[in-house]
Structure formats: structure tokens, C-alpha cells
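The opening residue of the sequence shown carries number 1 in UniProt numbering; numbering runs sequentially from there. All residues carry an ideal CB built from backbone N, CA and C; glycine is no exception. Computed from a prediction, not measured in an experiment: that's the story for all the values here.
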Amino acid sequence: MTEQRFFRFLRERIGLDVESVGTPMVERALRQRSVAVGAADLDDYWLRLQQSGEEQQALIEAVIVPETWFFRYPESFTALAALAHKRRAELDGARPLRLLSLPCSTGEEPYSLAMALFDAGMAPGAFLVDGMDISPSSVAKAGQAVYGRNAFRGSELGFRERYFDVVDEGHRLHERVRQQVSLQVGNVLDPLLASRDGLYDFVFCRNLLIYFDVPTQQRVFEVLKRLLHPQGVLFIGPAEGSLLARLGMRPLGIAQSFAYVRDPGSSTPAPAAAAAPARRSWPGPGPAGYSQPALPVPRPQRALPLVARPAPAREAAGEGPSELLAGIARLANAGASAQARHECQRYLGQYPPSAQVYYWLGLLSDTEGDAQQALTHYRKALYLEPQHPEALLHLAALLAAQGDLAGARRLQERAARAGRESER
Numbered sequence: 001m002t003e004q005r006f007f008r009f010l011r012e013r014i015g016l017d018v019e020s021v022g023t024p025m026v027e028r029a030l031r032q033r034s035v036a037v038g039a040a041d042l043d044d045y046w047l048r049l050q051q052s053g054e055e056q057q058a059l060i061e062a063v064i065v066p067e068t069w070f071f072r073y074p075e076s077f078t079a080l081a082a083l084a085h086k087r088r089a090e091l092d093g094a095r096p097l098r099l100l101s102l103p104c105s106t107g108e109e110p111y112s113l114a115m116a117l118f119d120a121g122m123a124p125g126a127f128l129v130d131g132m133d134i135s136p137s138s139v140a141k142a143g144q145a146v147y148g149r150n151a152f153r154g155s156e157l158g159f160r161e162r163y164f165d166v167v168d169e170g171h172r173l174h175e176r177v178r179q180q181v182s183l184q185v186g187n188v189l190d191p192l193l194a195s196r197d198g199l200y201d202f203v204f205c206r207n208l209l210i211y212f213d214v215p216t217q218q219r220v221f222e223v224l225k226r227l228l229h230p231q232g233v234l235f236i237g238p239a240e241g242s243l244l245a246r247l248g249m250r251p252l253g254i255a256q257s258f259a260y261v262r263d264p265g266s267s268t269p270a271p272a273a274a275a276a277p278a279r280r281s282w283p284g285p286g287p288a289g290y291s292q293p294a295l296p297v298p299r300p301q302r303a304l305p306l307v308a309r310p311a312p313a314r315e316a317a318g319e320g321p322s323e324l325l326a327g328i329a330r331l332a333n334a335g336a337s338a339q340a341r342h343e344c345q346r347y348l349g350q351y352p353p354s355a356q357v358y359y360w361l362g363l364l365s366d367t368e369g370d371a372q373q374a375l376t377h378y379r380k381a382l383y384l385e386p387q388h389p390e391a392l393l394h395l396a397a398l399l400a401a402q403g404d405l406a407g408a409r410r411l412q413e414r415a416a417r418a419g420r421e422s423e424r
């Protein structure tokens with residue numbers, strides 16, 4: 001089945017590039033909705049779709065499947081806590097901080113923002129969080145604030161004890177966190193968002209642009225840039241850094257936070273048609289304020305927490321491979337790329353090849369924008385350890401950026417299987 005009219009509808013209505021989620025998934029959604037409304041065939045369904053705004057929304061929600069969890073990419077929240085205190089000092093109590101989560105999906109991200117700021121010692125009057133998503137059902141679920149097991153992942157779950165009560169349906173978020181978050185249905189491409197120019201000190205819009213063609217990517221980014229206060233910080237996904245650099249933003253320099261600010265020395269961005277594809281693509285929330293499409297990819301579980309500054313590598317004669325690996329991790333997480341790379345080479349000169357060392361070399365190359373070298377290192381890591389989860393996910397992201405979506409999905413599926421097996 002090739003139904004270009006439906007694909008055009010999705011592109012025009014929500015900015016979705018069908019190839020980014022896969023034609024079969026969209027075709028499956030069309031079949032499901034046709035059956036649900038009793039359409040005789042796709043021609044009949046097309047007529048019904050044109051006549052019903054409610055059915056248009058139902059089709060969109062059949063394509064866009066929420067997949068998120070609390071404190072996804074925790075380094076971003078660690079960075080937020082420090083940056084929020086700095087921004088509060090700059091404001092000197094003139095107003096509360098304003099934060100935006102877009103797409104907010106079923107609420108895990110905006111509520112994580114509120115919990116992170118509470119954990120950082122912020123008072124309720126010190127900040128406000130807005131959450132926006134195109135899906136009314138996702139926003140409604142976010143408003144209920146009751147979550148099952150899949151919303152809580154990873155090993156750091158202390159926040160669940162601090163901010164949730166156990167109920168029959170799962171875990172209900174405390175009212176004091178819910179009161180910090182305002183939820184609404186909305187679309188990042190809606191012209192009405194222009195009324196919020198410069199409103200937000202922090203905008204979380206992570207892993208959005210992978211679902212758009214280049215002109216739409218630039219449109220969406222310009223909206224986000226307008227929403228952000230001139231001194232504000234934009235948190236993105238690992239995929240979008242090179243695109244932002246071309247559009248007048250620079251990284252803040254906090255390792256693995258993917259935080260960007262305006263670059264005062266940047267020139268006017270090149271026209272969208274001339275822009276190159278983003279360096280990497282990374283699975284995450286879906287397009288234009290939408291929840292994430294199906295085929296979720298688990299976040300790498302071995303990522304280490306952000307540290308304040310690099311710890312110097314030890315040169316003691318008794319230093320073993322595990323100590324050297326730990327030192328590499330500390331240096332890489334602290335943003336000391338040159339030192340981390342030197343220690344990786346020192347490890348390879350002293351000990352047998354290590355998948356983890358090649359993973360770090362790949363990540364360092366990736367961060368520096370050397371995609372080809374990153375590919376080489378990630379593949380070496382997978383040769384040594386075929387189920388290495390971070391290498392699988394990062395290599396998948398690079399392949400997706402280069403247009404090899406089939407190869408990327410195969411690696412994503414391998415990573416998902418590896419994650420399930422590790423939990424047994």
C-alpha cells in the first residue's frame with residue numbers, strides 16, 4: 001500500500017517525515033483507523049478523514065506512540081540544577097524561572113524538571129514549568145499523574161520514594177510537584193506560540209528534529225530560539241548539535257548535558273535548502289510537540305554521572321586496567337576530551353583491547369564532530385563486545401544521520417534485546 005495523500009496529510013498537519021518512523025507503521029495505523037470507523041476502503045476512509053477533525057486527531061495519535069520515562073538523560077537534569085541557581089541569582093528575585101518541556105508527552109519530562117529543581121533546593125515560588133504536546137490523550141494522562149513501572153527506569157529511583165505515593169494503579173505524583181507544572185495541548189508550529197517570545201529561561205526539546213526534513217527543522221528551531229530568553233538555555237538531544245551550531249547556537253560545555261546557548265558572534269544562518277543533515281540522529285520524542293513514535297530505544301545504562309571537574313589520571317605503578325577505565329570515564333564525563341583520549345591510548349598500549357575503551361574513543365570523536373572516526377571506534381567496540389549497549393545506540397544514531405535507517409533500526413533492536421536480557 002502506497003498512500004501518498006495520507007503521507008502528505010501527516011507532513012502538512014504535524015510536519016512528520018513518514019520515512020523517519022517507517023512507512024509500514026503509518027500503513028498499519030491507516031488500517032487500524034479504517035477498521036475503527038467502519039470505512040469500506042481507503043478511499044472511503046480518506047473522505048471521512050477530511051470531514052472529521054476528531055478522526056484526524058485519532059490518526060495522528062495512532063501514528064505517534066508515547067515512549068518516555070522519568071529523568072531520561074539524567075546529566076541534563078544535573079546541569080539544569082546548577083544552571084537554575086545561577087539564573088536565579090541573575091534575576092535577583094525579579095520573577096520566577098520559566099521552563100518549557102516540548103513535547104511533554106505523558107508528563108514524565110516536565111515533572112522531572114520540577115522534581116530536579118525541588119531536589120536542588122528551589123522553593124515552589126521560584127519556578128514554573130509549562131508542558132506542551134499535540135496529543136490530547138497524552139496531556140490528559142499527564143494531568144492524571146499516575147504512572148506504571150515503565151515510567152521508572154534505571155537504578156537511581158530515590159525520587160520515587162520522595163515524590164510518589166503507591167496506589168492501586170501504580171504510583172501517583174505528589175500534588176506539590178503537579179502544581180508546579182501547567183499542561184496544554186499545542187503544536188510547536190502554531191503561530192500563536194509567537195506570543196511567548198523570550199519567555200523561557202530553559203527549554204527542553206530533545207530529539208525532535210530527526211523527524212523533519214531540513215526546511216522544517218529550521219522552522220522548528222527558529223520557533224524554539226524565539227521562545228528562549230536571550231540568556232536562556234536550550235536542552236536538545238545528542239543528535240541535533242551540529243544543526244544548532246549552524247543556526248546561531250553554541251554548546252555550553254557541560255559534558256553529556258546537550259545544553260546550548262545563543263552564540264553572540266554567529267552569523268545569519270544559511271537558508272534551509274543549503275543546510276546539511278544533522279550529524280547524528282537519536283531516538284526520542286516525536287515531531288512538532290508530539291509524543292515519541294514506536295520502536296523506543298533504551299538509554300545507555302552505563303552512562304556515568306556528571307562530575308564537577310576532571311580528576312587527574314593516576315600514574316602510580318600499581319594502577320590496573322579497572323582504575324584506568326574509571327579515570328577515563330571521569331575525564332570524559334568532565335569534558336576533558338584530550339586527556340581522556342590520551343588515557344584511552346595509554347590503556348591500549350598497556351592492556352588487551354577493550355570494548356569500553358573503544359566506546360569512549362567513539363564518543364569522544366562523536367562529540368568533536370568526527371563521524372567517520374566515531375563509526376570506526378564504535379564498530380571496534382562491537383567487534384569485541386557485540387551487545388555493548390552504548391556502542392549499539394550511538395552507532396545506530398550515526399547510521400540514521402547518514403540515511404541508513406534500516407541499519408539503524410537493526411542496531412536499535414539489538415540494543416533493546418540486550419537490555420531485556422540484562423534484566424533477567
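Where residue i sits in the DSSP three-state scheme
i, result
"Y73", "coil"
"V167", "strand"
"M115", "helix"
"L234", "strand"
"D130", "strand"
"P251", "strand"
"H229", "strand"
"S322", "helix"
"R5", "helix"
"S101", "strand"
"A259", "strand"
"residue 425", "As shown, the chain starts at 1 and ends at 424. That puts residue 425 outside it, with no answer to give."
"D17", "coil"
"P264", "coil"
"E385", "coil"
"T376", "helix"
Cβ-Cβ separation, residue j to residue i (assumed contact under 8 angstroms), whole Å
i, j, result
"A145", "L99", "At roughly 17 angstroms, the Cβ-Cβ gap does not stay under 8 angstroms, so A145 and L99 are not in contact."
"S112", "F71", "5 angstroms"
"M115", "F159", "5 angstroms"
"D201", "H229", "5 angstroms"
"A391", "Y359", "5 angstroms"
"F212", "I236", "In fact, because the Cβ distance is near 13 angstroms, the residues do not count as touching under 8 angstroms."
"E108", "W69", "6 angstroms"
"A381", "A355", "4 angstroms"
"L102", "C205", "5 angstroms"
"L91", "F127", "L91 to F127, Cβ: 11 angstroms. No contact."
Selection from the options that minimises the alpha carbon distance to residue i
i, options, result
"V203", "Q231, Q217 and R178", "Q231"
"T106", "Y73, A120, K86 and N150", "N150"
"E169", "E19, G335, R219 and Y147", "Y147"
"R196", "R178, E175, L227 and E55", "L227"
"G125", "S101, L398, R162 and Q179", "Q179"
"residue 454", "S257, Y347 and D366", "Outside the displayed range of the chain (1 to 424) lies residue 454, so it cannot be described from this structure."
"M122", "V177, V166 and A140", "V177"
"D133", "G154, P110, A120 and A336", "P110"
"V185", "P24, A408 and S137", "S137"
"V188", "E413, F118 and C104", "C104"
"H85", "G53, A120, S101 and S52", "A120"
"L117", "Q217, R95, Y73 and L80", "L80"
"G143", "A416, D130 and A94", "D130"
"E368", "H388, A338, Q412 and T216", "A338"
"I60", "V166, E12 and A336", "E12"
"I64", "Q50, L30, A89 and R95", "L30"
Neighbourhood of residue i by C-beta distance below 6 angstroms, restricted to the same chain and skipping five residues each side
i, result
"L10", "L16"
"L244", "Y260"
"D366", "A374"
"R250", "D263"
"Q256", "E75"
"L183", "G131, V139, A142 and G143"
"G198", "H229"
"Y351", "P321"
"F221", "L247"
"E385", "A355"
"F7", "V18"
Chain-order list of residues whose beta-carbon lies under 7 angstroms from that of residue i (same chain, five-residue window excluded)
i, result
"A58", "R33"
"C344", "I328, V357, W360 and L361"
"L224", "V203, C205 and L234"
"A39", "Y45 and R48"
"E161", "none"
"A62", "A29, Q32 and R33"
Short CB-CB distance (under 7 angstroms) between residue i and chain B
i, result
"F152", "The structure shown has no chain B; it contains just one protein chain."
Residues near residue i by beta carbon distance below 8 angstroms, same chain, minus five either side
i, result
"L411", "L392, L393, L395, A396 and L399"
"V167", "V146"
"E156", "F71 and P74"
Residue i CB to nearest heavy atom of the ligand SAM below 6 angstroms
i, result
"R162", "No copy of the ligand SAM occurs in the structure displayed, which carries no ligand at all."
Kindly provide the ranges of any alpha helix (DSSP H) runs that are 4 or more residues long and lie completely inside the region 331 to 362, ordered along the chain. 337 to 350
What are the start and end residues of each continuous beta strand (DSSP E) run of 3 or more residues lying completely inside the region 135 to 205, in chain order? Under the rule that a run must span 3 or more residues, the beta strand (DSSP E) segments found entirely inside the region 135 to 205 read 164 to 167, 170 to 173, 181 to 185 and 200 to 204.
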